[in-house]
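Chemist:
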């Protein structure tokens, strides 16, 4: 699927943005099956992590049950701040969801080779992030048991949802995105599942894999259909990357509220989404490659390339911030001016500055190649990016509402332990699914990697068989175990 | 919402409960819950149709003024109180306190049975047992002296009472109104020969008030406010209003000019104005600029007739009042603005605080054998210095006729709960030559209470051989009918109007009463140690404490400070800054009599050398509380401390006051000095105020009276940046309204006649013709907040400030917590914006603008398009509708509402099984059956009283007619004692609102947002002193 | 080397493959089933229609309305002037029944018999015997409620009666019911459809079962019809308002 590898001259680093990527330390298909297949199956540490995730999820779940029973008042809402942590977290997770499709679909169409090793992870991340985000629109309702009013279905009331409302657009956007991205993930998995099915000894797991593999036989005919389908899905998912978060941004842009009512929001939100998504990819991939010893699959080259993308989106986001202030300043509209002044010097200044520093200042370090190729630094940076992006949404939502048109109703906001528990629960929920995923399904597209590694035939002739067993070290070898 | 009632022995009231329960609904209920039982009447009462209201004219007893009320009853239960339009005193208006009488009637902590205190434990007894016990006690007490302390009321009950007391050889009762201004009454007596002459503000050229808060409860507030608003609304030739005093009360905030004098220096100023003293001396004493005083003095001379009023709280109140009377006489007021001929007799026969203190001394001396208390609570409002409890304890027999478990009742040993005024017969004499009738609007809420105090006294007298003959009547009602001029037939014709001519001789008898011994202790100005004068004043809402057990009044923000469910200390920002005191810092206020602790509220309107604390809060109880669960309230359990809503809210300022009176024997509120110290802890005040400044957003606009006659000045219509200002046509131009209303919606429609709207052409009452709209005249609005309470009463709005209405787990719990979080539910709120004096310096005058803010029912409403489920939409008659049962609670509408007038049910305030339930039995009896009680998770807001619109339409349909212009109006407009609110159909020129909407002063709030609001504000009109700058819009 | 590297070896079992393909239908069907269940659960199909509880007294509308021709408004006397139709007080029953005792002679209403129901009534009303008034221990009759709208719906009976909507249009032909049951679904869609499509008094009479002689005379006799001020000759459909705030506030 990704283009085939081309031999490189010694000492030259491959142009990783192009298709020319290679895993010199990976020698044959068997090694791929062994190493990547080896990440499957439970382990003690995994159980521990899963336990913690489930615990966090349960905390959130019980908080939600309590909130439903008692009323939204248990959360920290203080009118006029009617939206707060829940919607913030909702937008946060939707944003996270975007990197996955970007990497797996857009970069695929652009033939960016470095996606090969990380796209499976980020795509799974996308699906689970959207699953998490999807909870919040229901969770923040005053009467969640009536959520179905939002869904258009024939009913005896003869009423339909309001097509003018951005929240209804949200419902469609999120559901569409969930459907497409999960389909995309699943289709990409089929050949790998087939491999697992064939390797699996345990009859039950084998049966399940067999179901999921949809009877994949690896025939040419199947591959032909498969590649076409995959290409089609990629093309189909690409516009979603832009549309979904644009729709989410309409929740704000369509409102009158100063600080929300801005035409720049759609591109601004999409850039922010991709930015935060890449951040989350780092947060997940870097520990992953360490624990599973996959350094020679997810090479520093790949991280380097992703970091460049991260740097780019960071600057886009920064530009958006500046533009917002500039528009407010030039509008001469006193509501806007008051609000943006209040944003950086008012009661919520600290949040605004966290946002600016984490999203615009710290990522500038990625101009340095040394830091781009330093996993530890990237990991720490990714954490601050996640924090910064969460606060970006917080700064957009809470201070705007707290400082609206009517001075008499200016207010503030103090979250309660319920807000925190549900925030925590959302992370628990996300990582629960993710942990379940990485031990049941391959975290990398085995079949795609097999395409890139040198064909066996190259070594199979001329009696160089032994090279394989002893292992050859290439001069431009990156990230391979020595 | 369930309707389970036992099939056996269901009484009529039970049935009513069922009916009420079935109509007062929960939005969150599904459609297929068990339907329950239908319990019919045994015998259906005459003249009532189930589901249709019956109206009874009666008299308000919440203060001494005795306004006329119409009690609306539905299926046998009073659900709403409105002013009686025929009544000569209040002409249909009613204040917040009057409307809250309902919550006294349905108070969950009302005493339900007679009780006797034996060895410190209270035990319920039967009515007859109580009669027997009192009769026996009286036998023993004869000759030992008996004191009857009664809440002052005019009418014939005082006469009846004195007669009864005389029967046992006791002297006449004490008729106490602690909040009344005895000094003014005494001065009036001496000057005009009547206790309270009628005041005419509209005839005055200049109004000058020396601390007389005639909008806060001084005198007869409602008629005064009506007349004041009329005067100010004259626009051309309206009187200027100057307020002299150390603290700017609500009345003061309505003044054009404030002379911020030192406490106690009013006398010097009054004398100067009366020409009895020099301006210079006044200036030095009061710390006011001599030039300003000179200007006012000359203004007084120039503008006749003047209306000068005095209501200072100092010990020299009488002297000030007399000096002010001199100003009036010089200013040609008598006969013009002060009309002794049409005297208000509500205050006749009132005894002074001094007389009360005299009796307390007699008790202390053990000269009193039996004491009765009814409707008043001296143990709460008499300063601790007097040690009332100690003196009272010396009386062997202490009988209380209180309906509520107040502090005095707790000290008694026999309690016979009185019937509420809405359950009993009576009369009042508000104006000379008129009788205001009081009739029961419903059966007693608690049948265990067999009759009112009067009925009880009659029953007791029957036990006495000597008196039995004199009290042959079976009940007080019979006694009244006999006393009524013209007897039963005349009464029958008068009752529907609630008012009759003539007199029942009550007032006369009371006036003829020999004065009781009085203890007059006039304290010198500023006794005690401390850097600050301690200004105390009766809260305009809670009075000296009477209102504290009514959640409506607790939840209603103070008109001046906008704080509720709390006490506070007002301190000038300049002083606060000097002492490093922030808003909400708890201060220890120390006088020579004690210390109280309350949060600080920096307030521009208080003298920099003074602090001010209102009375009314701080109901506490020494008695131990049995464990008490607000959700499941045990009827037999008594909540000492004036009930659950009053207990432990704020502090009682009387704890630190000395026992001081003025020369007239009235209580002296402002005599002592105090020192303040920070305690270190700070709390967010339970206040509804966000920012007290408009930040130039043109919400409350004003103009100068002089400009009304000139051509419009540019700043008169100051446009905000980006403002496209429209020539006004209420909402009908709006795209959305046009859409909802079909072609008729568009003003340019050629085919106005032919109908293209959403509705059927055959329907003669097609809604599409209508555009319900409202005008609010800021020149009339005084900020009294009566409209807010009216809205609570009409629309089943829950109060959310009680200390238990919070989350169950790990939640703080204190009164007003939900208010601190901005979760109040007031559909209509009074915004109070300060103009001028931005840096809060003392001595710089400032202006106050009150804006009633409610749903603007935008023709182009921002909230409508964002609702995902059409829970809010635009109705064809121009309403912005909220459909509770469709709402899922995304709260997006509130985010998008520029006016922030949407309120969310954070808890199950309306669900009886929830801890946060706002209507504990029997408060829920008051719920309006026509309005859905909202469940949790639902957005709600002002509906323009859509239930009243529908009701009127139904009535019109039943009578096969069209709506008559001004046929009905909303609750707020009906209640408004200033007549500032006008409501109606703006699309029909015959409605008053349609004409007012095109007034020169008309403007929309945030017009530049193109919301096409249906609420039109008329600019406030200022009357600045000559040469003062024009206010900014 | 090993079979993974050339998976072609699987080509030898085509049948097995097709079987596997069939299994793959299972998840899809499962999803469909769940969807269907959800939809039916939320479609509001659940309604208390046809509910017919046993009443403490088996009051025969058949006799009172059908045979004796009493007007609905005689007992439900508020229906044409209030939101609330009104429920007859026990005294209303006794008003006639203290003359009409349990001992029923033979008449066009049936052969001579002892009416157990009237005896029950006497027990509730604490009536000693014929001619005697209600006693001190009279108890109201705990009728079981049949028609109930959710409390957030405000249904003005007066508007409908005065628009010529006969009682039977919504309540069914009560005069023919031995035991009253809920005739209509009382779902919102049911209300709205009538408000939108309109209603003609003619239909009202048909619904009432009095359509045979649609003259104003018989209309006067028609239960609930008496107050209808509308001309009946035309079958013209009268539409009504149907925006939310007419009933929900």
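Chains as they are written, first to last, in my numbering: chain F, 1 to 482; chain S, 10001 to 11033; chain B, 20001 to 20249.
C-beta atoms are modelled at their ideal positions from N, C-alpha and C, and glycine is treated no differently.
Quantities reported herein were computed from a predicted structural model and do not represent experimental measurements.
Take residue 10228 of chain S as the anchor and find which of S/10204, S/10248, S/10210, S/10244 has the nearest alpha-carbon.
Modeler: When each option's Cα is compared against that of residue 10228 of chain S, the closest is S/10204.
Chemist: Take the Cβ of residue 10529 of chain S as the centre, count every other Cβ of all protein chains shown within 10 Å, and call the residue buried at 16 or more, exposed below.
Modeler: The residue is exposed, with fewer than 16 neighbouring Cβ atoms inside 10 Å.
Chemist: For residue 10157 of chain S, is the classification buried or exposed, using 16 other Cβ atoms within 10 angstroms of its Cβ as the cut-off for buried?
Modeler: By the 10 Å Cβ count, residue 10157 of chain S comes out buried.
Chemist: Can you find the residues in the same chain that come closer than 8 Å, C-beta to C-beta, to residue 20247 of chain B, ignoring five residues on each side of it along the sequence?
Modeler: Excluding positions up to five away in sequence, the list reads 20153, 20154, 20155, 20191.
Chemist: Determine whether the Cβ of residue 20239 of chain B lies closer than 8 Å to any Cβ atom of chain F.
Modeler: Chain F contact via Cβ: absent.
Chemist: How long is the line joining the alpha carbons of residue 11002 of chain S and residue 10897 of chain S, rounded to whole angstroms?
Modeler: Going by the C-alpha atoms only, they are around 22 Å apart.
Chemist: Is residue 10879 of chain S closer than 8 Å to residue 10946 of chain S when the C-beta atoms are compared?
Modeler: Cβ atoms of residue 10946 of chain S and residue 10879 of chain S: closer than 8 Å.
Chemist: DSSP three-state label for residue 10687 of chain S, please.
Modeler: Here residue 10687 of chain S sits in strand by DSSP.
Chemist: Considering only their Cβ atoms, is the gap separating residue 177 of chain F from residue 121 of chain F smaller than 8 Å?
Modeler: The answer is no: Cβ separation not under 8 Å.
Chemist: Taking all protein chains shown into account, decide if residue 258 of chain F is buried (16 or more other Cβ within 10 angstroms of its Cβ) or exposed.
Modeler: Looking at its Cβ environment, which holds 16 or more other Cβ atoms inside 10 Å, residue 258 of chain F is buried.
Chemist: Establish whether the CB of residue 10810 of chain S and some CB of chain F are separated by less than 8 Å.
Modeler: Chain F contact via Cβ: present.
Chemist: Measuring alpha carbon to alpha carbon, tell me which of B/20088, B/20146, B/20205, B/20082 ends up nearest residue 20055 of chain B.
Modeler: Of the candidates B/20088, B/20146, B/20205, B/20082, the one whose C-alpha sits nearest the C-alpha of residue 20055 of chain B is B/20146.
Chemist: Say whether chain S places a C-beta atom closer than 8 Å to the C-beta of residue 491 of chain F.
Modeler: Given that chain F is displayed from residue 1 to residue 482, the structure contains no residue 491 of chain F and the question cannot be resolved.
Chemist: Note down, in chain order, each residue of its chain lying with its Cβ closer than 7 Å to the Cβ of residue 238 of chain F, except the 5 sequence neighbours on either side.
Modeler: Same-chain partners within the cutoff: 105, 106, 109.
Chemist: Any beta-carbon of chain F closer than 8 Å to the one on residue 20028 of chain B?
Modeler: Not an interface residue.
Chemist: Please report the residue range of the beta strand (DSSP E) in which residue 10427 of chain S lies.
Modeler: Unbroken beta strand (DSSP E) run through residue 10427 of chain S: 10426-10428.
Chemist: Got a sec: is the Cβ-Cβ distance from residue 10802 of chain S to anything in chain F below 8 Å?
Modeler: False, the Cβ-Cβ gap to chain F never drops below 8 Å.
Chemist: Please state the DSSP three-state secondary structure of residue 410 of chain F.
Modeler: Residue state, collapsed to three classes: coil.
Chemist: Can you give me, in chain order, the residues of the segment 11007-11024 of chain S that have a beta carbon less than 8 Å from any beta carbon in chain F?
Modeler: Within the segment 11007-11024 of chain S, the qualifying residues are 11009.
Chemist: With 9 Å as the C-beta to C-beta threshold (strictly closer), list the residues of the segment 157-168 of chain F near chain B in chain order.
Modeler: Taking 9 Å as the Cβ-Cβ cut-off against chain B, the residues of the segment 157-168 of chain F that qualify are 157, 158, 159.
Chemist: Please report whether the beta-carbon of residue 20213 of chain B lies at a distance below 8 Å from any beta-carbon of chain F.
Modeler: Low per-residue confidence applies at residue 20213 of chain B: pLDDT is 47, beneath 50, and the placement is therefore not dependable, though the value from the model is reported in the following sentence. For residue 20213 of chain B, the answer is no, since every Cβ of chain F falls outside 8 Å of its Cβ.
Chemist: If distances are taken between C-alpha atoms only, which option among F/102, F/125, F/124 comes closest to residue 114 of chain F?
Modeler: Comparing Cα positions, the closest option is F/102.
Chemist: State yes or no: is the beta carbon of residue 20192 of chain B nearer than 8 Å to at least one beta carbon in chain F?
Modeler: It does: the Cβ of residue 20192 of chain B has a partner Cβ on chain F nearer than 8 Å.
Chemist: Is the CB-CB distance between residue 10195 of chain S and residue 10189 of chain S below 8 Å?
Modeler: It is a contact, given that the beta carbons lie within the stated cut-off.
Chemist: Output the distance between the C-alpha atoms of residue 10641 of chain S and residue 10380 of chain S, rounded to the nearest integer angstrom.
Modeler: Distance between the alpha carbons of residue 10641 of chain S and residue 10380 of chain S: 10 Å.
Chemist: Measuring alpha carbon to alpha carbon, tell me which of S/10925, S/10986, S/10447 ends up nearest residue 10072 of chain S.
Modeler: Measuring from the Cα of residue 10072 of chain S, the nearest candidate turns out to be S/10925.
Chemist: For residue 10818 of chain S, which option in S/10904, S/10873, S/10846, S/10155 has the closest C-alpha, if you only look at C-alpha atoms?
Modeler: Out of S/10904, S/10873, S/10846, S/10155, S/10904 has the C-alpha closest to the C-alpha of residue 10818 of chain S.
Chemist: From residue 20059 of chain B to residue 20051 of chain B, what distance separates their C-alpha atoms?
Modeler: When rounded, the distance between both Cα atoms is 16 Å.
Chemist: 8 Å is my cut-off, CB to CB: does residue 20189 of chain B come that close to chain F?
Modeler: True, the Cβ-Cβ gap to chain F drops below 8 Å.
Chemist: Can you give the Cα-Cα distance for residue 79 of chain F and residue 412 of chain F, rounded to whole angstroms?
Modeler: Their backbone Cα atoms lie some 8 Å apart in a straight line.
Chemist: Closest to residue 10701 of chain S by C-alpha separation, out of S/10646, S/10851, S/10687, S/10666, would be which residue?
Modeler: Comparing Cα-Cα distances from residue 10701 of chain S to each of S/10646, S/10851, S/10687, S/10666, the minimum goes to S/10851.
Chemist: Please classify residue 158 of chain F: does DSSP put it in a helix, a strand, or coil?
Modeler: Reduced to three states, the DSSP call for residue 158 of chain F is coil.
Chemist: Of the residues that make up the segment 10829-10858 of chain S, which ones have a beta carbon closer than 9 Å to any beta carbon in chain F?
Modeler: Residues passing the 9 Å Cβ filter: 10829, 10831, 10832, 10833, 10851, 10853.
Chemist: So within the segment 154-212 of chain F, which uninterrupted alpha helix (DSSP H) runs reach at least 4 residues, ignoring any that extend past its ends?
Modeler: As far as the segment 154-212 of chain F is concerned, its whole alpha helix (DSSP H) runs of at least 4 residues are 166-199.
Chemist: Taking C-beta pairs closer than 7 Å, name the residues in chain S that residue 20082 of chain B reaches, listed in chain order.
Modeler: Here the neighbours are 10049, 10050, 10051, 10052.
Chemist: Using 8 Å for Cβ pairs, my map puts residue 10083 of chain S next to residue 10093 of chain S. What's the rounded Cβ distance?
Modeler: With 8 Å as the limit, residue 10083 of chain S and residue 10093 of chain S qualify as a contact, their Cβ atoms being about 5 Å apart.
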